[in-house]
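Those protein sequence lines, which keep their order, are chains A and B.
When we follow my numbering, the leftmost residue of the first sequence carries the number 381, and every step to the right adds one.
When we follow my numbering, the leftmost residue of the second sequence carries the number 8, and every step to the right adds one.
For every residue, glycine included, the Cβ atom is placed at its ideal position computed from N, Cα and C.
The next block holds one structure in the form of structure tokens; read it before the comments.
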Amino acid sequence: MKTRFLFPHKWRIVGIFLVVVAIGLVVYNVLKSGGIDATTDLIGGFLGQPISQKIAVVLNDIEYSSAIIGLLLIGFSKEKIEDEQIAQMRLDSLQWSVYVNYGILILCVILINGLAFFSVMAYNLLSQLLFFIIRFRWKLYQLNRLAKNEETGPLSPILK
Amino acid sequence: MRTRFLFPHKWRIAGYCCFAALLAFAIVLKLLHPEGYAAVDLHPIVSGHLIQPGIYKGVTEMRFHNDVHVLLVVFGLVFIGFSKEKIEDEQISQLRLDSLQWAIYFNYALFIICCLFIYEIHFIPVLIFNIISPLVFFIIQFRWKIYLLNRQLKNE
Numbered sequence: 381m382k383t384r385f386l387f388p389h390k391w392r393i394v395g396i397f398l399v400v401v402a403i404g405l406v407v408y409n410v411l412k413s414g415g416i417d418a419t420t421d422l423i424g425g426f427l428g429q430p431i432s433q434k435i436a437v438v439l440n441d442i443e444y445s446s447a448i449i450g451l452l453l454i455g456f457s458k459e460k461i462e463d464e465q466i467a468q469m470r471l472d473s474l475q476w477s478v479y480v481n482y483g484i485l486i487l488c489v490i491l492i493n494g495l496a497f498f499s500v501m502a503y504n505l506l507s508q509l510l511f512f513i514i515r516f517r518w519k520l521y522q523l524n525r526l527a528k529n530e531e532t533g534p535l536s537p538i539l540k
Numbered sequence: 008m009r010t011r012f013l014f015p016h017k018w019r020i021a022g023y024c025c026f027a028a029l030l031a032f033a034i035v036l037k038l039l040h041p042e043g044y045a046a047v048d049l050h051p052i053v054s055g056h057l058i059q060p061g062i063y064k065g066v067t068e069m070r071f072h073n074d075v076h077v078l079l080v081v082f083g084l085v086f087i088g089f090s091k092e093k094i095e096d097e098q099i100s101q102l103r104l105d106s107l108q109w110a111i112y113f114n115y116a117l118f119i120i121c122c123l124f125i126y127e128i129h130f131i132p133v134l135i136f137n138i139i140s141p142l143v144f145f146i147i148q149f150r151w152k153i154y155l156l157n158r159q160l161k162n163e
């Protein structure tokens, strides 16, 4: 009863690298106050765009893709020791993140209307993976702490 | 090694009821407003004018209707996808979680493809469908896996 379709452990480094690339691109766009110019005429299609706009579109694609692939690799690469408990924890966290994500989405649907909802949808792309990774890491941290306490607990001076 | 946080089996009917309500709601709206809402709402926003008092009532009404639509769809899908099976054993819960993971992979793969080939204003429908697509893919995959399992059992 193992989790299938997981990436090898080492791919997590690739994932972290991709997320760093995505964050770097976001920072670059904010500093340049650039990004895609939504006002340009789109009738010419991609090839008809000026070169700066082409670069912005390609950068935007890279930003999204690397953020998503990076988060997927971080979330779904194997742990060093992938046992049944960890697999269970991963899938529990995944389900939990689906619930939390849709819970927050429902709140946003009720409270946010109009054009502001576009940013909700944009964040909604990544939020599920983010919640999953945070919750999974947190559970792993708790498990590790528990294991460490069991090892050293009886010997610690306070308990003696 | 059970899946926790599941709804009772009967709540799946509630999920289907959500979709029935959605359908009824859509039919009523179509009868009340045959011309649709889009022309009322988007024009003042796009042209940058303040919303005129006459149109405002229509806009508020439309926002309320939008909320109801999205809520019904999301609640319906969550209830259908995450209510217990009649016999919820270890194999089923494993199938469920495997399908969920598969759906996440599939959804993001599809999204990346959309991201590369669709841009600007055409990207907005992608964003909208992306809200419910993981749940839809999950439900389809899960039901398919259960169908395969049942057929296999029958053959044996």
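Going by Cα to Cα distance, which pick from the options is closest to residue i?
i	options	result
residue 87 of chain B	B:119, B:99, B:14	B:14
residue 398 of chain A	A:433, A:442, A:431	A:442
residue 74 of chain B	A:439, A:434, A:494	A:494
residue 439 of chain A	A:515, A:470, A:410, A:478	A:410
residue 144 of chain B	B:120, B:33, B:38, B:114	B:114
residue 468 of chain A	B:100, B:96, B:137	B:100
residue 27 of chain B	B:76, B:72, B:93, B:41	B:76
residue 486 of chain A	B:163, B:32, B:138	B:138
residue 146 of chain B	B:33, B:92, B:32	B:92
residue 150 of chain B	B:104, B:116, B:163, B:135	B:104
residue 12 of chain B	B:95, B:34, B:41	B:95
So, are the CB atoms of residue i and residue j less than 7 Å apart?
i	j	result
residue 122 of chain B	residue 82 of chain B	no
residue 156 of chain B	residue 79 of chain B	no
residue 507 of chain A	residue 481 of chain A	yes
residue 453 of chain A	residue 391 of chain A	yes
residue 102 of chain B	residue 152 of chain B	yes
Pull up the CB-CB distance for residue i and residue j, whole angstroms please, since I reckon it's below 8 Å.
i	j	result
residue 387 of chain A	residue 460 of chain A	13 Å between Cβ atoms; not a contact.
residue 118 of chain B	residue 448 of chain A	7 Å
residue 473 of chain A	residue 498 of chain A	Not really, about 28 Å apart at Cβ, beyond 8 Å.
residue 148 of chain B	residue 106 of chain B	4 Å
residue 108 of chain B	residue 505 of chain A	That pair is no contact at about 18 Å.
residue 36 of chain B	residue 72 of chain B	7 Å
residue 525 of chain A	residue 476 of chain A	Contact doesn't hold; Cβ gap of about 19 Å is too wide.
Enumerate in chain order the residues of its own chain whose CB-to-CB distance from residue i is below 7 Å, with the five nearest sequence positions on each side excluded.
i	result
residue 381 of chain A	Because residue 381 of chain A sits at a pLDDT of 47, beneath the cut-off of 50, its placement in the model cannot be relied upon, and the following sentence gives the value as read from the coordinates. Excluding sequence neighbours, residue 381 of chain A sits near 464.
residue 456 of chain A	386, 387
residue 111 of chain B	141
residue 492 of chain A	500
residue 19 of chain B	86, 87, 90
residue 412 of chain A	none
residue 488 of chain A	500
residue 529 of chain A	none
residue 32 of chain B	75
residue 46 of chain B	Note that residue 46 of chain B scores a pLDDT of 47, beneath 50, so its modelled location is shaky; the value from the coordinates is reported in the next line. Excluding positions up to five away in sequence, the list is empty.
residue 466 of chain A	459
residue 401 of chain A	446
CB-CB under 8 Å to residue i, same chain, minus the five flanking residues each way: which ones, in chain order?
i	result
residue 478 of chain A	508
residue 17 of chain B	90
residue 125 of chain B	133
residue 510 of chain A	451
At a threshold of 6 Å, does residue i count as lining the ligand MG (C-beta to nearest heavy atom)?
i	result
residue 116 of chain B	In the structure shown, the ligand MG is absent, as is every other ligand, since no ligand is present at all.
Quick one: what's got a C-beta closer than 6 Å to residue i's C-beta in the same chain, skipping five residues either side?
i	result
residue 22 of chain B	83, 86, 87
residue 395 of chain A	450, 453, 454
residue 55 of chain B	Reliability of the predicted coordinates at residue 55 of chain B is poor, the pLDDT of 48 falling under 50, and no value is obtained from them.
residue 57 of chain B	Because the pLDDT of residue 57 of chain B is 49, which lies under 50, any placement of that residue in the model is unreliable, and the number read from its coordinates should be weighed accordingly. Nothing meets the Cβ criterion.
residue 531 of chain A	none
residue 120 of chain B	none
- request: With 8 Å as the C-beta to C-beta threshold (strictly closer), list the residues of the segment 114–141 of chain B near chain C in chain order.
  value: Among the protein chains in the structure shown, which are A and B, there is no chain C.
Inspect the CB distances between the segment 402–409 of chain A and the segment 72–91 of chain B and report whether three or more fall short of 8 Å. At 8 Å Cβ cutoff, the stretches do not touch.
(message) Taking 8 Å as the cut-off, does the segment 130–144 of chain B touch the segment 519–526 of chain A (at least 3 CB pairs, one atom from each stretch)?
(response) Remark: fewer than three beta-carbon pairs, one from each stretch, lie closer than 8 Å, so the segment 519–526 of chain A and the segment 130–144 of chain B are not flagged as touching.
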